[in-house]
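Letter 131 of the sequence shown, counting from 1, is numbered 131 in UniProt numbering, and no numbers are missing.
From the three backbone atoms N, C-alpha and C, an ideal C-beta is built for every residue, glycine too.
First up is the structure itself, then whatever we jot down about it.
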Amino acid sequence: MIASIVKPITPYVVCLFPPCVMRGSVQWGQADIEEDAMGTILIVHGSKYGASKRYADECARRLRTSAIRFKDCADTALRRADVVIYFGPVFAGGMPGLRRTTKRVAALSRPPRVIIVTVGLGDPSLPGNTEHLRGIVRQQVPPSIADVAECFHLRGGIDYTRLSLMHRIMMWMMYQHEKRIPRDQWTTDTRMFNETYGGAVDMVDFQTLTPIMASLGVAD
1 MIASIVKPIT
11 PYVVCLFPPC
21 VMRGSVQWGQ
31 ADIEEDAMGT
41 ILIVHGSKYG
51 ASKRYADECA
61 RRLRTSAIRF
71 KDCADTALRR
81 ADVVIYFGPV
91 FAGGMPGLRR
101 TTKRVAALSR
111 PPRVIIVTVG
121 LGDPSLPGNT
131 EHLRGIVRQQ
141 VPPSIADVAE
151 CFHLRGGIDY
161 TRLSLMHRIM
171 MWMMYQHEKR
181 IPRDQWTTDT
191 RMFNETYGGA
201 VDMVDFQTLT
211 PIMASLGVAD
């Protein structure tokens with residue numbers, strides 16, 4: 001995941017909601033939506049390099065449905081959904097597809113419950129990371145959604161050999177800044193970034209989906 005240049009290494013956010021009981025899935029447009037006692041669940045992702053998609057697919061597997069890319073999300077699917085779970089990476093202070101998806105959700109006559117899962121490199125347990133990510137989310141979504149969406153944080157990964165030219169330049173710029181920080185002032189995130197720059201790191205952990213499953217009333 002490419003994190004924000006302003007705060008280079010940022011974590012992942014996940015949003016939760018009340019329990020429900022699974023029943024089965026139905027096809028709506030290009031989206032599989034899981035039906036439950038409360039209604040239907042739609043899982044959408046804006047993955048660029050794969051980490052967000054892996055989380056979304058695993059969440060969908062546990063819910064016996066499927067996850068779709070935000071570009072493939074039909075209006076019918078959004079109207080049908082009672083819960084929308086969005087998984088997305090943080091790129092330079094933005095999240096691909098989040099603004100577009102939540103704008104469509106906010107325009108519905110009966111907006112569903114929204115769960116936002118942001119995926120990034122940083123450790124969400126470190127001071128300031130959670131607040132930084134929540135700020136990014138608020139900048140991306142309409143106020144009516146930002147006020148009710150629940151958010152948590154997950155970690156992703158990065159493989160420099162797969163980055164686009166633009167993202168390689170972004171990461172190089174970040175590295176020029178981070179490497180100048182004296183070692184005795186390195187945070188855990190700074191150390192991880194400097195020591196893995198140019199290589200690959202995978203911090204995807206499906207166990208961190210447990211709070212979402214618990215919120216849905218689904219055992220792992």
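I need the straight-line Cα distance from residue i to residue j, nearest angstrom please.
i, j, result
"Arg-155", "Pro-124", "8 Å"
"residue 225", "Thr-118", "This structure gives no information on residue 225, because the portion of the chain shown stretches from 1 to 220."
"Leu-216", "Arg-100", "25 Å"
"Met-192", "Glu-150", "28 Å"
"Phe-152", "Phe-87", "11 Å"
"Leu-121", "Arg-180", "20 Å"
"Ser-144", "Val-201", "36 Å"
"Arg-110", "Lys-103", "13 Å"
"Ser-164", "Pro-89", "15 Å"
"Pro-127", "Leu-133", "12 Å"
"Glu-58", "Phe-206", "7 Å"
"Leu-108", "Asp-159", "38 Å"
"Arg-168", "Arg-64", "37 Å"
"residue 302", "Asp-72", "Missing from the structure shown is residue 302; the chain here goes from 1 to 220 and no further."
"Phe-70", "Gly-199", "29 Å"
"Gln-176", "Met-166", "16 Å"
Classify residue i: buried if its beta carbon has 16 or more other beta carbons within 10 angstroms, exposed otherwise.
i, result
"Thr-76", "exposed"
"Gly-46", "buried"
"Leu-78", "buried"
"Pro-96", "buried"
"Met-174", "buried"
Do residue j and residue i come within 7 Å of each other at the CB atom, strictly closer than that value?
i, j, result
"Val-137", "Val-114", "no"
"Ala-51", "Ile-43", "no"
"Gln-140", "Leu-98", "yes"
"Ala-74", "Ala-67", "no"
"residue 226", "Pro-112", "No answer is possible for residue 226: it lies beyond the span of the chain, which begins at 1 and ends at 220."
"Gly-213", "Arg-54", "The sequence given here has Met at residue 213, not Gly. In this structure, Arg-54 does not lie closer than 7 Å to Met-213 by Cβ."
"Arg-80", "Thr-130", "no"
"Val-105", "Gly-157", "no"
"Tyr-49", "Arg-183", "no"
Indicate the three-state DSSP secondary structure (helix, strand or coil) for residue i in the structure shown.
i, result
"Asp-202", "strand"
"Pro-89", "strand"
"Val-141", "coil"
"Cys-59", "helix"
"Val-165", "Reading off the sequence, residue 165 comes out as Leu, not Val. Three-state DSSP puts Leu-165 in a helix."
"Leu-209", "helix"
"Arg-64", "coil"
"Trp-28", "In this prediction, Trp-28 has a pLDDT of 36, which is less than 50 and means its spatial position is unreliable; what the coordinates show is noted afterwards. Looking at Trp-28 - three-state DSSP - the assignment turns out to be strand."
"Thr-187", "coil"
Contact defined as beta carbons within less than 8 Å: I believe residue i pairs with residue j. What is the distance between those atoms, to the nearest angstrom?
i, j, result
"Glu-178", "Thr-190", "6 Å"
"Met-170", "Ala-219", "Rounded, the Cβ-Cβ distance is 40 Å, inconsistent with contact."
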